[in-house]
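Okay, so here's the structure we're looking at.
Listed below in structure tokens is the structure:
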């Protein structure tokens, strides 16, 4: 099968032309396709396990063709320099002999032809950037060896599931309205009221306390980001279903491949924007951050809205860790450390939850491994992911040039991150589990901005 992709658009990671106007990218991603295409069998297994029907031989042939054109360009540039070096003394000499005049005419003709060929090959490379290179950059991340092939694996189940005795189970929207806690209209518009609004503040405050106690650094991220970072994260920056686009931002041409997007300060993209094109001091690793705040995620057309489980604006807690090497012991230790910290958080706010290692077909293209924290939804009769931790390896750092110096060479750190807690999803599950009364966990109650002694 030929390497084909549904999405075809102008990448913000490469120099591009849109409607005849040229735009320059702030950075050029690190290209590691020679390394990735070394083991074709492994790459093919990766694609197959993710459910992608792609032939790696076609991928390799596209890359080899791109390299051959690039090699021809380099040869022409070298030849152009050689001829220019020969022409310089002839240009400066006043009286040329007959042989020198003949040589001068011949060299001028040669360099004229070479310049024309260079112009044509540069145009070809521009087209290849927009056709081949951009498609190659849509290849998914390498799978972690721990990721299950067939189906998800439950790593841990805390306490037993106690279903409500009510035979007629209500969804959390009905329960929230009846208890005066929630006003829901659609995924874009909802309001938390009374104790639910205080619960939102309390749970984020408690999450911040847990992370700070583990020496994680609190960071306030930016709510907005450019298309460059959206594209670098693996999303389609032109698709309003992937990331909100600010249409009336006057500083940017509407056709520009580098628009402004609303993402939220507690989002992965906000942290990636903070580190893009940055050289980190290797003595500072591991870098361990967290943020509590907003996330903005568009509601995808055609999807079924499920109340608070699919809202576009969510208060959330996000963790972000940078480690030197994904193959190191430290990388696994940092993942386990974050996992244990998040478990401590859920142990104190949930009677029952489970931790699930997602299968390869469930991962997003940029994930190599994903661990989910799930609560039971009695109305939906299924577990709902209320938080997750993912391993990304060097996927983001190579695309966004997040680097560090290692033995005089540029190296790329590996990322561990995840929305460890989504407040709307947590609230929805807790409401359904106790439909008659909003039972606020004691630890959250202690951190709510109210006098609990009253």
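In the numbering used here, the protein residues as written are 348 to 801.
Built from N, CA and C at the ideal position, the CB exists for glycine as well.
These numbers come from a predicted model, not from an experiment.
If we ignore side chains and look at the alpha-carbon of each, how far apart do residue i and residue j end up?
{"i": "residue 441", "j": "residue 449", "result": "15 angstroms"}
{"i": "residue 547", "j": "residue 688", "result": "20 angstroms"}
{"i": "residue 519", "j": "residue 690", "result": "24 angstroms"}
{"i": "residue 413", "j": "residue 477", "result": "12 angstroms"}
{"i": "residue 488", "j": "residue 752", "result": "23 angstroms"}
{"i": "residue 421", "j": "residue 405", "result": "25 angstroms"}
{"i": "residue 793", "j": "residue 732", "result": "25 angstroms"}
{"i": "residue 720", "j": "residue 654", "result": "19 angstroms"}
{"i": "residue 608", "j": "residue 460", "result": "45 angstroms"}
{"i": "residue 672", "j": "residue 759", "result": "8 angstroms"}
{"i": "residue 631", "j": "residue 617", "result": "20 angstroms"}
{"i": "residue 698", "j": "residue 652", "result": "27 angstroms"}
{"i": "residue 456", "j": "residue 750", "result": "45 angstroms"}
{"i": "residue 586", "j": "residue 593", "result": "12 angstroms"}
{"i": "residue 334", "j": "residue 428", "result": "No answer is possible for residue 334: it lies beyond the span of the chain, which begins at 348 and ends at 801."}
{"i": "residue 447", "j": "residue 434", "result": "10 angstroms"}
{"i": "residue 801", "j": "residue 781", "result": "Low confidence applies here, because residue 801 scores a pLDDT of 40, under 50, leaving its location unreliable and the question unanswered by this model."}
{"i": "residue 469", "j": "residue 704", "result": "46 angstroms"}
{"i": "residue 506", "j": "residue 481", "result": "47 angstroms"}
{"i": "residue 486", "j": "residue 417", "result": "21 angstroms"}
{"i": "residue 419", "j": "residue 380", "result": "19 angstroms"}
{"i": "residue 541", "j": "residue 573", "result": "36 angstroms"}
{"i": "residue 367", "j": "residue 521", "result": "Here residue 367 scores only 48 on pLDDT, less than 50, and its place in the model is too uncertain to base an answer on."}
{"i": "residue 658", "j": "residue 551", "result": "18 angstroms"}
{"i": "residue 615", "j": "residue 650", "result": "23 angstroms"}
{"i": "residue 620", "j": "residue 589", "result": "17 angstroms"}
{"i": "residue 754", "j": "residue 788", "result": "51 angstroms"}
{"i": "residue 391", "j": "residue 504", "result": "34 angstroms"}
{"i": "residue 444", "j": "residue 458", "result": "21 angstroms"}
Pull the bridge partners of residue i from the DSSP assignment, please.
{"i": "residue 767", "result": "None, per the DSSP bridge assignment."}
{"i": "residue 665", "result": "638 and 766"}
{"i": "residue 591", "result": "609"}
{"i": "residue 332", "result": "With the chain represented from 348 up to 801, any question about residue 332 goes unanswered, as that position is not in the structure."}
{"i": "residue 501", "result": "703"}
{"i": "residue 572", "result": "608"}
{"i": "residue 757", "result": "752"}
{"i": "residue 718", "result": "704 and 736"}
{"i": "residue 564", "result": "636"}
{"i": "residue 838", "result": "Residue 838 falls outside the range modelled here, since the chain spans only 348 to 801, and no answer is possible."}
{"i": "residue 670", "result": "761"}
{"i": "residue 643", "result": "660"}
So residue i and residue j are supposed to be a Cβ contact under 8 angstroms. How far apart are they, rounded?
{"i": "residue 726", "j": "residue 645", "result": "The pair is not a contact, with the Cβ atoms about 25 angstroms apart (cut-off 8 angstroms)."}
{"i": "residue 465", "j": "residue 430", "result": "The Cβ separation is near 12 angstroms, so there is no contact."}
{"i": "residue 713", "j": "residue 581", "result": "4 angstroms"}
{"i": "residue 501", "j": "residue 701", "result": "6 angstroms"}
{"i": "residue 360", "j": "residue 578", "result": "5 angstroms"}
{"i": "residue 695", "j": "residue 790", "result": "4 angstroms"}
{"i": "residue 483", "j": "residue 715", "result": "18 angstroms between Cβ atoms; not a contact."}
{"i": "residue 293", "j": "residue 508", "result": "Outside the shown range of the chain (348 to 801) lies residue 293, about which nothing can therefore be said."}
{"i": "residue 633", "j": "residue 668", "result": "6 angstroms"}
Count the other CB atoms, across all protein chains shown, that sit within 10 Å of the CB of residue i; report buried if there are 16 or more and exposed otherwise.
{"i": "residue 613", "result": "buried"}
{"i": "residue 678", "result": "buried"}
{"i": "residue 605", "result": "buried"}
{"i": "residue 560", "result": "exposed"}
{"i": "residue 693", "result": "buried"}
{"i": "residue 393", "result": "buried"}
{"i": "residue 538", "result": "exposed"}
{"i": "residue 756", "result": "exposed"}
{"i": "residue 642", "result": "buried"}
{"i": "residue 467", "result": "exposed"}
{"i": "residue 764", "result": "buried"}
{"i": "residue 557", "result": "buried"}
{"i": "residue 724", "result": "buried"}
{"i": "residue 425", "result": "exposed"}
{"i": "residue 784", "result": "exposed"}
{"i": "residue 565", "result": "exposed"}
{"i": "residue 722", "result": "buried"}
{"i": "residue 354", "result": "Because residue 354 sits at a pLDDT of 43, beneath the cut-off of 50, its placement in the model cannot be relied upon, and the point is left open."}
Please confirm if residue i has its CB atom under 8 angstroms from at least one CB of chain C.
{"i": "residue 524", "result": "Structure shown: chain C not included; a single protein chain is present."}
- Message: Below 8 angstroms, how does it come out for the segment 766-777 and the segment 663-676: are there three or more Cβ pairs, yes or no?
- Response: yes
- Message: Taking contact to mean 3 or more Cβ pairs, one atom from each stretch, closer than 8 angstroms, check whether the segment 682-691 and the segment 772-789 are in contact.
- Response: no
- Task: Please determine if the segment 554-572 and the segment 533-545 are in contact, where contact requires at least 3 C-beta pairs separated by less than 8 angstroms.
- Result: no
- Inter-stretch contact at 8 angstroms, needing at least 3 Cβ pairs: the segment 629-638 / the segment 522-532: no
- Query: Would the segment 491-502 and the segment 746-753 be scored as touching if the rule is three or more Cβ pairs under 8 angstroms?
  - Reply: The count of Cβ pairs closer than 8 angstroms, one atom from the segment 491-502 and one from the segment 746-753, stays below three, leaving the stretches out of contact.
- Task: Would you be able to state if there are at least three C-beta pairs under 8 angstroms between the segment 383-401 and the segment 706-719?
- Result: At 8 angstroms Cβ cutoff, the stretches touch.
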